[in-house]
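Q: Under my numbering, residue 366 is the last one in the sequence shown; the count climbs by one each step, no gaps.
All C-beta atoms, glycine included, are put in the ideal place defined by N, C-alpha and C.
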Amino acid sequence: LDAEGKPEDTEAEDDSHDTEETGAPQTDMPRSGIMSESDKKAYFGFLAQYFAVGIIYGGLPATIYPVFLGYLNVPSYVYATVGVITSLPWSFKFFFGLINDTVPIMGLRRKPYMMIGWAFCAIMLVILFMTPLPEPYWCIDEKTGAYIKKKTLPDGSHLAADPCHEEAAELGGKFAILMMLAALGYVIADVAADGLLTEYAKAEPLETRGSTQTTAYLTRSVGMVCSGMFVGLFMNSKLYNGSFDWGLSFEQVCLCFALPAMLMVPISALLVHEPRATSDDGKSQFKCSEYFAMCWELLKSKAFFYAILYVFLTPVISGISTTAAGQVKISWAGV
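1) If S258 sits next to G114, beta carbons under 8 Å apart, how far is it from one beta carbon to the other, in whole angstroms?
2) Less than 8 Å between the CB atoms is what I'm expecting for Y248 and Y81, so what's the real figure, rounded?
3) From which residue to which residue does the beta strand (DSSP E) around K181 run?
4) Going by DSSP, what residues sit across from I171 in a beta bridge?
5) Can you round the beta-carbon distance between F151 and I208 to whole angstroms, since I take them to be within the 8 Å contact cut?
6) Grab me the residues of D59's own chain with a C-beta within less than 7 Å of its C-beta, minus the 5 sequence neighbours each way, in chain order.
7) Inspect the beta-carbon positions of S188 and Q358 and report whether they are closer than 9 Å.
8) May I ask you to list the residues that DSSP assigns as paired with H189?
9) Assuming T133 is part of the alpha helix (DSSP H), what are its boundary residues?
10) How long is the line joining the alpha carbons of Y369 and P97, rounded to whole angstroms?
11) If you drop the 5 nearest sequence neighbours on each side, which residues of the same chain put their C-beta closer than 8 Å to that of D276?
12) Quick one: Cα of S280 to Cα of K174, how far?
13) Ignore the nearest five residues each way along the sequence and tell me which others in Q244's own chain have a CB closer than 8 Å to its CB.
14) Is there contact here, the segment 138-148 with the segment 210-226, by at least three beta-carbon pairs under 8 Å?
15) Per DSSP, A275 forms a beta bridge with which residues?
16) Mapping the DSSP letters down to three states, classify I348 as helix, strand or coil.
17) Would you please verify whether the beta carbon of V296 is less than 9 Å from any beta carbon of chain D?
18) Does the Cβ of E256 have 16 or more other Cβ atoms within 10 Å, making it buried, or fewer, making it exposed?
19) Name the one or two DSSP bridge partners that I136 has.
20) For the structure I just gave you, are there three or more beta carbon pairs, one from the segment 118-130 and one from the segment 283-293, closer than 8 Å?
21) According to the neighbour-count rule (16 or more other Cβ atoms, all chains shown, within 10 Å of its Cβ), is A191 buried or exposed?
22) Within the continuous alpha helix (DSSP H) that includes F99, where are the two ends?
23) Going by C-alpha distance, which of D225, A234, I351 and S274 is nearest R141?
24) Considering K360, what are the terminal residues of the alpha helix (DSSP H) in which it resides?
25) Secondary structure at T353, three-state DSSP: helix, strand or coil?
26) I need the DSSP call for G241, collapsed to helix, strand or coil.
27) Consult DSSP for T162 and reduce its assignment to one of helix, strand or coil.
28) What span of residues does the alpha helix (DSSP H) with A300 cover, start to end?
29) For K182, which residues in the same chain have their Cβ closer than 8 Å to its Cβ, ignoring the five residues on either side in sequence?
30) Which residues mark the beginning and the end of the alpha helix (DSSP H) in which C20 is found?
31) Return yes when the Cβ of N131 is within less than 9 Å of the Cβ of A223, no when it is not.
32) Could you tell me whether the segment 320-340 touches the segment 86-96, using the rule of 3 or more Cβ pairs below 8 Å?
33) Closest to F261 by CA distance: which of F75, G278 and R251 is it?
34) For A111, which residues of its own chain have a beta-carbon under 6 Å away from its beta-carbon, when the five flanking residues on both sides are left out?
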């Protein structure tokens, strides 16, 4: 008994009763949480998911500016559209989560979808590697290797130079679609990792609760920083409107991103620890009706509703932009 005369494990018992009442699948997840696990392989496999997501999530969109504006010279509205298309799969995280929870594969709801997502992402990136870009829009100065974007008239004034391959500005569509499909793959894997993250977080003791999410998203941010630096350094050649005389091609960069995606397939299969979930009646999955009923119960909570409202309204305000942003960078800022 504690100081108030109550059993010390009352809170733990209440948690178990709450779980039974909701009908959620039960797991054998250790109550100490993944961060205090002695199994270093499971710890590495879990965080590797977020690091790999950060690498591709931060790196692949970073190639849009040098490829579509610097190399292909697409119109501004096309450049803005490409950015939206490549981030479109993130809008369907709820539906991917629904599939995770209601359609387990061989009794597992996370690991199979991680493997499927990473395999699909790797395939799309390899296809991008095998799909060569067309010839660049602008002519190339043989002496400097830079693009010839202006021509000088006899009176000393300047005009836009004539492009050597004007059709290049119209050939970016298939590359945008392939990049979007690659994003679809790592979003599927990310959703499965988030589901596993939730299960790990629930198993944390109260005094350290929150450390799992913090560590996971910090790992993803580190991956994004690394890939951003990689693209900034190795795609800064004059071919992509940079200043270096050397650099990697877009196809080679896609291959570099495909390598961690490939590695994540066996890592997900062999190192990620996911206990099989079973409910009281022996089933290992939710019914869709039960799933939506649980979602509705959450939405009826005022605190949860306001959190959803914040998540919805924040990008509505902060996401306001102009299609001229790309041209401001390339023409006015000269970057």
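A: Checking against the coordinates, here is how it stands:
1) Within the sequence shown, residue 258 is the residue found at index 227, counting from 1. Within the sequence shown, residue 114 is the residue found at index 83, counting from 1. Going by Cβ atoms, the distance from S258 to G114 rounds to 16 Å, so no, they are not a contact pair.
2) Your numbering for residue 248 matches position 217 in the sequence shown. Your numbering for residue 81 matches position 50 in the sequence shown. The Cβ separation is near 7 Å, so the contact holds.
3) Residue numbering aside, residue 181 sits at position 150 when the sequence shown is read from its first letter. Per DSSP, K181 belongs to the beta strand (DSSP E) from K181 to T183.
4) On the sequence shown, position 140 is the one that residue 171 refers to. Bridge partners of I171: Y178.
5) By one-based count along the sequence shown, residue 151 stands at place 120. By one-based count along the sequence shown, residue 208 stands at place 177. The pair is not a contact, with the Cβ atoms about 14 Å apart (cut-off 8 Å).
6) Mapped onto the sequence shown, residue 59 falls at position 28. Its pLDDT being 49, under 50, D59 is placed unreliably by the model, and the measurement read from it follows with that caveat. Answer for D59: P306, listed in chain order.
7) For the purposes of this step, residue 188 is identified with residue 157 of the sequence shown, where counting begins at 1. For the purposes of this step, residue 358 is identified with residue 327 of the sequence shown, where counting begins at 1. Their beta carbons are not under 9 Å apart, which means S188 does not touch Q358 by this criterion.
8) Here residue 189 corresponds to residue number 158 of the sequence shown, with the count starting at 1. According to DSSP, which records beta bridges pairwise, H189 is partnered with T183.
9) In the sequence shown, counting from the first residue as 1, residue 133 sits at position 102. That run of the alpha helix (DSSP H) goes K124 to T133.
10) Because the chain is modelled from 32 through 366, residue 369 falls outside the range shown and cannot be assessed.
11) To locate residue 276, count along the sequence shown from 1; it is residue 245. Once the five neighbours on either side are set aside, the close Cβ partners of D276 are G176, S268 and K269.
12) Mapped onto the sequence shown, residue 280 falls at position 249. Mapped onto the sequence shown, residue 174 falls at position 143. Cα-Cα distance, rounded: 20 Å.
13) Here the question's residue 244 lines up with position 213 in the sequence shown. Excluding sequence neighbours, Q244 sits near L228 and A232.
14) yes
15) Taking the first residue of the sequence shown as position 1, residue 275 is located at position 244. One detail in the question is off: residue 275 reads as Phe in this sequence, not Ala. Its beta-bridge partners are S268.
16) Position 317 of the sequence shown, counting from 1, holds the residue named residue 348. Three-state result, I348: helix.
17) Given the protein chain composition of this structure (a single chain), no chain D is represented.
18) Here residue 256 corresponds to residue number 225 of the sequence shown, with the count starting at 1. Position check: residue 256 holds Val in this sequence, whereas Glu was assumed. It counts as exposed.
19) To locate residue 136, count along the sequence shown from 1; it is residue 105. For I136, which the question treats as bridged, DSSP gives the partners L139.
20) no
21) If you number the sequence shown from 1, residue 191 lands on position 160. It counts as exposed.
22) Walking along the sequence shown from the start, residue 99 turns up at place 68. Careful: F99 lies outside any alpha helix (DSSP H) and carries neither H nor E.
23) What you label residue 141 is simply residue 110 of the sequence shown in a count that begins at 1. Checked all of D225, A234, I351 and S274; the closest Cα to R141 is D225.
24) Locating residue 360 in the sequence shown gives position 329, counting from the first residue. Counting along the chain, K360 falls outside any alpha helix (DSSP H), and DSSP gives it neither H nor E.
25) On the sequence shown, residue 353 is found 322 positions in, with the first residue counted as 1. Three-state result, T353: coil.
26) What you label residue 241 is simply residue 210 of the sequence shown in a count that begins at 1. Coil.
27) Translated into positions along the sequence shown, residue 162 becomes position 131. Three-state DSSP puts T162 in coil, outside helix and strand.
28) As a first step, residue 300 is located in the sequence shown; it is residue number 269 there, counting from the start. F281 to L301 is the span of the alpha helix (DSSP H), which, as asked, contains A300.
29) Here residue 182 corresponds to residue number 151 of the sequence shown, with the count starting at 1. Excluding sequence neighbours, K182 sits near H189, L190, A191, A192 and D193.
30) Residue numbering for the chain in the displayed model covers 32 to 366; residue 20 lies beyond these limits and cannot be assessed.
31) Translated into positions along the sequence shown, residue 223 becomes position 192. Translated into positions along the sequence shown, residue 131 becomes position 100. Yes.
32) no
33) As a first step, residue 261 is located in the sequence shown; it is residue number 230 there, counting from the start. Out of F75, G278 and R251, G278 has the C-alpha closest to the C-alpha of F261.
34) Position 80 of the sequence shown holds residue 111. For A111, where only same-chain residues beyond five positions count, the Cβ hits under 6 Å are T354.
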